[in-house]
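Taking our numbering, the leading residue of the sequence shown gets 36, the next gets one more, and so forth.
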Amino acid sequence: MSAESRKISIQRLNKSFQVNGASKQVLHNINFDVDSGEFICLLGSSGCGKSTILNMISGLDKDYTGEIRIDGALRSESRAHLSYLFQEPRLLPWLTVEKNIHFALRAAKVPAAEWDDRTAHYLGMVNLSGSEKHYIHQLSGGMQHRVAIARAFSVNPDILLMDEPFGALDELTARDIRANLLELWQKDRKTVLFVTHNTLEATYLADRIFMMSANPGKIDVVAPVELSRPREYESDELFFTHKQMIKQFVGISGKPA
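If you want it as structure tokens, here you go:
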């Protein structure tokens with residue numbers, strides 16, 4: 036990975052919280068680089084600091100030591116545009132589907148003349164054409180997550196941060212939405228950091244998996260996923276690669292995946 040191709044570079048990142056008057060270290064010496072257009076999964080059990088890393092990259096959490104650079108610039112000086120998908124879709128219930136996307140486009144200062152075309156394009160990409168006038172309560176949970184993905188891509192972010200966005204969905208619905216996500220990603224090739232504790236999800240999605248242990252959180256293994264795309268859940272290649280990933284992850288975390 037050349038310095039010119041690095042989208043994100045993290046060096047010597049440490050994070051502590053105050054608990055009952057004492058300092059508790061939650062992240063220890065995190066170091067990694069992410070190339071432009073890579074799909075990276077941060078895989079770890081609850082409490083290892085996966086989401087904390089996303090919060091620091093996003094700028095929501097500025098209380099840390101170490102260095103975060105985006106496109107070579109320090110995080111505090113970077114002008115990169117990031118989208119963040121949380122565990123819940125976080126849609127505005129008093130707005131329709133299209134107005135939720137328009138709201139994000141307005142905030143991103145996208146010219147109003149482009150709103151309708153972008154909305155139609157990305158809703159079509161997540162198989163929600165025709166839902167533009169629906170309110171959020173009229174959608175299933177899976178459809179709400181599709182809207183959130185369409186909204187995130189519509190603003191043309193440089194980096195997409197995703198914090199276990201499908202964790203509350205049943206596996207069949209999640210599989211369908213993951214396929215939608217990869218279809219969008221392969222067209223736009225945004226840089227993605229995706230937090231998960233699901234080894235199958237990570238193996239299906241990622242170019243590389245950063246496996247983390249806890250107390251304090253650290254990256255123990257960087258595992259490339261050497262599978263061609265598109266990937267099929269039923270394929271022997273995915274099955275055997277997933278089996279290898281589980282073995283490595285259990286060895287690190289000591290917990291079944």
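Note that CB positions come from ideal geometry on N, CA and C, so glycine has one too.
Taking L219 as reference, the option from D205, P192, G202 with the minimal CA-CA separation is P192. A straight line joining the alpha-carbon of F74 with that of D242 spans about 5 Å. The segment 179-198 makes contact with the segment 161-171; the number of CB pairs closer than 8 Å reaches 3 or more. 7 Å or more divides the Cβ of L196 from the Cβ of L217. Annotation: A143 to T231 spans about 27 Å, alpha carbon to alpha carbon. Distance from the CA of L117 to the CA of W129, rounded to the nearest whole angstrom, comes to 25 Å. Closest option to E123, judged by alpha-carbon separation, among G165, Q179, G79, E112: Q179.
Residue pairing for Q46: DSSP places it in a beta bridge opposite E102. Around the beta carbon of L109, fewer than 16 other beta carbons lie within 10 angstroms, which makes this residue exposed. Contact annotation: I287 and M246 have beta-carbon atoms nearer than 7 Å. If you ignore the 5 residues before and after H137, its C-beta comes within less than 6 Å of the C-beta of W150, all in its own chain and listed in chain order. Taking 7 Å as the cut-off, the beta carbon of G84 is found closer than this to the beta carbon of V61.
Assigned with DSSP and collapsed to three states, K253 falls in strand. Counting along the chain, no alpha helix (DSSP H) covers Q122, and no H or E run does either. Distance from F67 to K59 at the Cβ level is roughly 23 Å; contact not present, criterion being Cβ atoms closer than 8 Å.
In this structure, K50 and Y119 do not form a Cβ contact; the two beta carbons are roughly 18 Å apart against a cut-off of 8 Å.
When rounded, the separation of the alpha-carbon atoms in G101 and C76 is 21 Å.
CA-CA distance, A214 to T276, rounds to 18 Å.
If you compare the alpha carbons of Y170, S248, S189 with that of Y157, the shortest gap goes to S189.
DSSP places T226 inside the beta strand (DSSP E), whose first and last residues are 226-231. In this structure Y239 is buried. Its beta-carbon is surrounded by 16 or more other beta-carbon atoms within 10 angstroms.
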